[in-house]
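Novice: Sharing a structure with you now.
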Amino acid sequence: MSNDSASTASLENTPASVQVVETPTTAHYYEILDRAGKRRAGLMVMLDSQQRATRAELCYYERYHALEPVQEEIFDQAVEIVENNYLGNGLSSELAVIDGTPMAQETVRHSNPDPLYRPDRRTRIWPYAAGYAALIVVLLLLGLLNRTLFRPTVTVDQIADAAPLLTSQSDALPAAEAPVAAGALAALPPDALQATTNGLPVSLNANDALAVGMKARIGAGLRSFVRSEPGPEAGDKVGFLEDGATATILGGPTWLPGDTDTIVWWYVETEDGIRGWTPANTSQLTLLEPVE
């Protein structure tokens with residue numbers, strides 16, 4: 238017996254063994270049908286990490302049942318797919334033609350609960366979104382309860398005490414910059430304890446920075462009377478302001494019509510201790526300015 242015959246006999250008597258090289262690669266698979274829609278071949282294109290074709294395999298199903306023109310058409314279609322859809326790993330890639338006549342068919346059941354290759358587990362977002370929405374609702378409810386249950390109570394006396402501090406030339410008059418003593422407020426006439434606009438427009442000449450509690454000064458070279466009632470002819474003359482004299486605003490204002498402008502009257506106390514109403518302006522000019 239020759240050496241070659243001895244080697245062949247030795248290999249045939251050796252127990253069968255199969256070695257699997259576990260280097261999985263990305264691949265694209267195409268089904269190729271004939272004109273009647275029957276599956277005639279499958280094209281497998283293997284790709285490297287850069288999505289370049291490294292090898293392609295065209296596997297005919299039952300090749301002997303397909304006419305030669307059909308086989309050629311299938312082959313041409315496979316070549317076109319590889320040429321047009323991919324870049325080769327280098328200048329070209331190999332297309333292998335395989336006769337894939339099935340010898341047997343087996344149903345494979347997947348029983349391993351933790352296979353090596355499996356779909357990526359996606360994180361479910363909706364539980365987090367639902368929890369976030371519930372948190373927002375709880376915070377809104379807590380804010381509503383806080384405003385409803387813990388709102389500070391304002392008494393009638395507090396409203397009455399705050400009324401004299403509303404002293405600007407609008408319906409929502411700003412609070413005084415300096416408080417007025419409680420004893421001084423108690424001695425004020427009733428009409429000085431609240432602001433009265435009489436529905437008149439805002440004055441153009443009156444200084445809108447004046448407020449209850451601050452000191453006001455009449456302009457140099459100017460003179461105005463202090464009266465017991467607001468108005469140019471109302472009540473009696475009880476004093477006057479002139480030439481830069483100052484006075485403390487205790488109450489008001491009361492708006493009255495002038496010739497062409499609204500006249501703003503303030504209840505004041507002069508440096509001499511005289512109390513009464515004096516105008517902040519005329520229809521032509523400003524009389525009182527706040528003391529800086």
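So for the sequence shown, this note's numbering puts the first residue at 238; every next one is plus one.
Every residue, glycine too, gets a C-beta built ideally from N, C-alpha and C.
Return the Cβ separation of G510 and V475 in integer angstroms, given the expectation that the two are a contact with Cβ distance under 8 angstroms.
Specialist: Contact flag wrong, Cβ pair sits at about 11 angstroms.
Novice: For G337, I'd like the list of residues in its chain whose CB is within less than 7 angstroms of its CB, leaving aside the five on either flank, ordered along the chain.
Specialist: C296, Y297, Y298
Novice: Looking at the secondary structure, which residues open and close the beta strand (DSSP E) in which I500 lies?
Specialist: Boundaries of the beta strand (DSSP E) harbouring I500: 499 to 507, taken from the DSSP string.
Novice: Which residues in the same chain have their Cβ closer than 7 angstroms to the Cβ of N326, if we skip the five residues on either side of it in sequence?
Specialist: The beta carbon of N326 lies closer than 7 angstroms to those of D285, R289, A290, T291 in the same chain, with the five residues before and after it left out.
Novice: Compute the distance between the beta-carbons of S465 and D473, then report whether it is under 9 angstroms.
Specialist: yes
Novice: Could you spell out where the beta strand (DSSP E) holding D313 opens and where it closes?
Specialist: From DSSP, D313 is part of no beta strand (DSSP E) but of the alpha helix (DSSP H) over 305 to 322.
Novice: Return helix, strand or coil for T491, following the three-state DSSP convention.
Specialist: strand
Novice: Exposed or buried, what is I311 when buried is set at 16 or more other beta-carbons lying within 10 Å of its beta-carbon?
Specialist: buried
Novice: Alpha carbons only, please: which of V449, T519, G368 is nearest the one belonging to A443?
Specialist: T519
Novice: By Cβ distance below 6 angstroms, which residues in the same chain neighbour T491 in space, the five residues on each side in sequence not counted?
Specialist: T433, P467, W502
Novice: How is Y365 classed by DSSP in three states: helix, strand or coil?
Specialist: DSSP, read as helix, strand or coil, puts Y365 in helix.
Novice: Residues in its own chain within less than 8 angstroms of P261 by CB, not counting five upstream and five downstream?
Specialist: Counting only Cβ-Cβ distances below 8 angstroms, and skipping sequence neighbours, we find Y354.
Novice: If you follow the beta strand (DSSP E) that V334 is in, where does it begin and where does it stop?
Specialist: That run of the beta strand (DSSP E) goes 331 to 336.
Novice: Going by DSSP, what residue range makes up the beta strand (DSSP E) through L284?
Specialist: Annotation: the continuous beta strand (DSSP E) that includes L284 extends over 276 to 284.
Novice: Using only alpha-carbon positions, find the residue among D445, Q287, M451 that is nearest to E529.
Specialist: M451
Novice: Kindly indicate which three-state DSSP category I373 falls into: helix, strand or coil?
Specialist: helix
Novice: Measure the C-alpha to C-alpha separation of Q521 and L378 and round it to an integer number of angstroms.
Specialist: Between the alpha carbons of Q521 and L378 lies a gap of roughly 56 angstroms.
Novice: Assign S348 to buried or exposed, taking buried as 16 or more other Cβ atoms, counted over all protein chains shown, within 10 Å of its Cβ.
Specialist: exposed
Novice: Between which residues of its own chain and I455 is the CB-CB distance below 7 angstroms, once the five residues before and five after are set aside?
Specialist: S461, L478, E479, G481, A482, L524, L525
Novice: In the DSSP assignment, what residue or residues form a beta bridge with P438?
Specialist: P438 is not bridged to any residue.
Novice: Verify whether the separation of the beta carbon atoms of V463 and I486 is less than 9 angstroms.
Specialist: Not closer than 9 angstroms, so no.
Novice: So what does DSSP say about G325, is it helix, strand or coil?
Specialist: Look at G325 here: in three-state DSSP terms it is strand.
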